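The numbering of the sequence shown is my numbering, which starts it at 332 and goes up by one. Think of the CB as a built atom: it goes at the ideal place given N, C-alpha and C, for glycine as much as any other residue. Since we're looking at a predicted model, the values are computed, not measured. Read through the structure below, which is laid out as structure tokens, and then see the notes.
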Amino acid sequence: MYLTDTHTHLFVKEFDTDRDEIINKAIQSGIKKMILPGINSSYIKIQNEISEKYPYNCFPAIGLHPSDVNNNFSDEINIIKNEIRTGKYIAVGEIGIDLYWDNTFINEQKTAFEQQIILAKQYNLPIIIHVRNAFSEVFEIIDKLNDSDLKGVFHSFTGNSEQAKKIISYNNFKIGINGIITYKNSGIDKIVSEIDLNHIVIETDSPYLSPVPKRGKRNESEHLLYIAKKICDLKQISLTELAEFTNKNAVEVFGTKLLL
Ligand SMILES: [Zn+2]
């Protein structure tokens with residue numbers, strides 16, 4: 332039995348002093364597969380160093396995070412276009428729209444999102460979507476660009492039931508559940524109770540959003556166990572059953588590369 336952390340930023344500076352220890356601890360705890368979504372081009376080198384060191388455990392994705400989109404986003408997209416040809420990447424992401432912190436570059440965010448979806452389609456790769464305060468904007472773009480081949484994850488889901496249903500209606504998209512489900516009054520527990528397990532993948536979003544009882548501390552992939560156990564309690568299933576569902580769902584989106 333093992334679990335897949337579909338969203339973990341193990342390459343950021345928060346892990347510079349103990350990265351190998353953190354990765355090995357996760358693997359030993361049964362978190363054997365970890366997907367490393369990109370943020371911007373400054374992390375490409377270290378993402379690849381990690382995946383070369385842990386080729387069966389750590390899988391990099393490439394993309395420009397919406398909060399890193401500014402006037403120079405085209406330069407970043409060009410770097411991604413060049414780098415993606417290496418075939419090293421399991422997905423395009425994380426990409427999307429974030430209007431929570433800042434909406435100065437809303438038009439640039441939309442353009443960068445569209446361009447990166449088109450790139451994912453060219454390379455037949457899934458997408459990892461980040462959406463915050465921007466469901467209608469994101470849905471509008473997916474409605475326009477979706478086809479029978481496009482696959483992906485709406486990571487760190489914090490929407491309502493209606494938005495969850497909309498994601499499920501796309502057929503090839505999964506809902507990423509993280510530590511937010513363990514937070515009081517988040518409402519995500521109620522939504523997960525309503526959703527069939529075929530639509531869910533699990534993630535930590537390390538080093539952010541640490542689940543209870545580690546809330547407020549640095550998050551790490553080993554903490555995926557708290558998120559998994561919370562879902563097992565809600566769904567009244569065993570950890571093995573949850574692992575089977577969520578691993579199958581992760582492979583449906585990210586492909587058999589994960590089974591290496
Ligand atoms: Zn992220």
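**Asked** Do K482 and N503 have their CB atoms nearer than 7 angstroms?
**Response** Their beta carbons are under 7 angstroms apart, which means K482 touches N503 by this criterion.
**Request:** Could you name the residues that DSSP lists as bridge partners for S537?
**Result:** According to DSSP, which records beta bridges pairwise, S537 is partnered with T339.
**Item:** Contact test: E425 Cβ vs ligand 1 heavy atom, cutoff 6 angstroms
**Value:** True, at least one ligand heavy atom lies under 6 angstroms from that Cβ.
**Message:** On the DSSP letters alone, give me the boundaries of the beta strand (DSSP E) that D429 sits inside.
**Reply:** For D429, the enclosing beta strand (DSSP E) begins and ends at V423 to D429.
**Item:** Runs of beta strand (DSSP E) wholly within the region 505–578 (minimum 3 residues, chain order)
**Value:** Along the region 505–578, the beta strand (DSSP E) occurs as fully enclosed runs of 3 or more residues at 531–533, listed in sequence order.
**Message:** Does G427 pass the burial test, meaning 16 or more other C-beta atoms within 10 Å, or should it be called exposed?
**Reply:** Result: buried.
**Message:** Just to confirm before moving on: does the CB-CB distance between F390 and I410 stay below 7 angstroms?
**Reply:** Taking 7 angstroms as the Cβ cut-off, F390 and I410 do not qualify as a contacting pair.
**Validate contact between the region 463–471 and the region 542–554 using beta carbons, cut 8 angstroms, 3 pairs** = Not touching, per the Cβ criterion.
**Request:** Pull up the CB-CB distance for I511 and V523, whole angstroms please, since I reckon it's below 8 angstroms.
**Result:** Contact between I511 and V523 is absent: CB atoms are separated by about 10 angstroms, not below the 8 angstroms threshold.
**Item:** Burial state of P542, where buried means 16 or more other Cβ atoms lie within 10 Å
**Value:** P542 counts as buried, since at least 16 other C-beta atoms from the protein chains shown sit within 10 angstroms of its C-beta.
**Message:** If you reduce the DSSP assignment to three classes, tell me which class F488 lands in.
**Reply:** Looking at F488 - three-state DSSP - the assignment turns out to be coil, as it is neither helix nor strand.
**Item:** Inter-residue Cα distance where the pair is I519 and D480
**Value:** The alpha-carbon of I519 is positioned some 28 angstroms away from that of D480.
**Message:** Please list the terminal residues of the continuous beta strand (DSSP E) segment that includes I353.
**Reply:** According to the DSSP assignment, I353 belongs to no beta strand (DSSP E) but to the alpha helix (DSSP H) extending over R350 to Q359.
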